[in-house]
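Chains as they are written, first to last, in this note's numbering: chain A, 1 to 119; chain B, 120 to 238.
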């Protein structure tokens with residue numbers, strides 16, 4: 001197949017009224033992300049987690065297919081979540097949607113706003 | 120100041136006809152990113168670089184203010200670039216715009232397409 005850019009999809013969500021961020025454990029989050037990536041045949045190349053003093057977690061996961069990122073603001077019951085996959089070797093759009101919806105189910109927000117950017 | 124979500128800006132660009140990705144050196148790229156972040160008072164927490172066999176680089180930079188990411192497809196003269204900053208402690212929007220434009224100048228694309236998402 002001949003590819004021309006744009007080659008992928010970037011799903012960006014804001015999760016509001018998400019009380020779960022207050023008790024969000026880095027280990028539980030990491031396990032959930034790793035499991036969802038594995039179940040959907042996406043390949044993790046590396047990861048970086050940071051816990052802020054006073055609360056808040058940043059997670060950056062490098063994928064062979066691009067990346068996943070998550071940032072929490074416990075004091076606002078708020079977090080942002082994104083997954084970006086290229087569809088270069090095969091179409092990973094469905095896998096990205098499944099990882100995204102799996103994480104949203106896990107995080108249980110009161111309200112969610114999602115943008116999809118083709119790039 | 121009282122903050123309510125959304126708390127930041129995410130600038131996402133696609134850079135087309137970017138011949139420079141063919142000779143893009145991880146070290147030069149890392150130095151440029153680090154310099155631009157420093158010049159604009161953004162704080163790097165950690166970074167992950169990956170060079171793909173046969174070409175292509177992924178760069179994920181965790182910031183105290185959120186993240187920066189870059190993915191290249193040398194065979195398509197194409198790359199995607201993004202910077203996401205929260206404006207929680209102070210307004211980092213101008214700093215994000217400057218880092219973004221500094222990287223675009225450095226990468227010299229023939230054409231660029233940019234989306235800005237408030238989140």
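We put the CB at the ideal spot given by N, CA and C, even for glycine.
Close-in-space but distant-in-sequence residues of the same chain around residue i (CB under 6 Å, 5 per side omitted)
i              : result
residue 114(A) : 13
residue 153(B) : none
residue 137(B) : 196, 198, 226 and 228
residue 120(B) : Residue placement at residue 120(B) is poorly supported in this model, since its pLDDT is 49, which falls under 50; the coordinates are not used for a value here.
residue 117(A) : 10
residue 211(B) : 184 and 204
Residue closest to residue i, alpha-carbon to alpha-carbon, out of the options
i              : options                           : result
residue 128(B) : 206(B), 183(B) and 171(B)         : 206(B)
residue 6(A)   : 230(B), 235(B), 237(B) and 211(B) : 230(B)
residue 173(B) : 194(B), 188(B) and 157(B)         : 194(B)
residue 119(A) : 238(B), 192(B), 237(B) and 211(B) : 192(B)
9 Å Cβ cutoff met for residue i and residue j
i              : j              : result
residue 171(B) : residue 60(A)  : no
residue 217(B) : residue 143(B) : no
residue 56(A)  : residue 71(A)  : yes
residue 161(B) : residue 223(B) : no
residue 85(A)  : residue 69(A)  : no
residue 82(A)  : residue 11(A)  : yes
Contacts around residue i, its chain only, beta-carbon distance under 7 Å, and the 5 residues preceding and following it disregarded
i              : result
residue 45(A)  : 62, 63 and 64
residue 145(B) : 168, 170 and 176
residue 159(B) : 214, 217 and 218
residue 20(A)  : 107 and 108
Where residue i falls, given that 16 or more other Cβ within 10 Å makes a residue buried
i              : result
residue 4(A)   : exposed
residue 147(B) : exposed
residue 141(B) : exposed
residue 239(B) : Residue 239(B) is absent from the structure shown; chain B starts at 120 and stops at 238.
residue 220(B) : exposed
residue 150(B) : exposed
Chain C contact for residue i (CB, 9 Å cutoff)
i             : result
residue 47(A) : Chain labels in this structure do not include chain C; the protein chains are A and B.
**OP:** Could you tell me which uninterrupted alpha helix (DSSP H) segments, each at least 4 residues in length, are contained entirely in the stretch 42-107 of chain A, listed from first to last along the chain?
**Re:** 93-107
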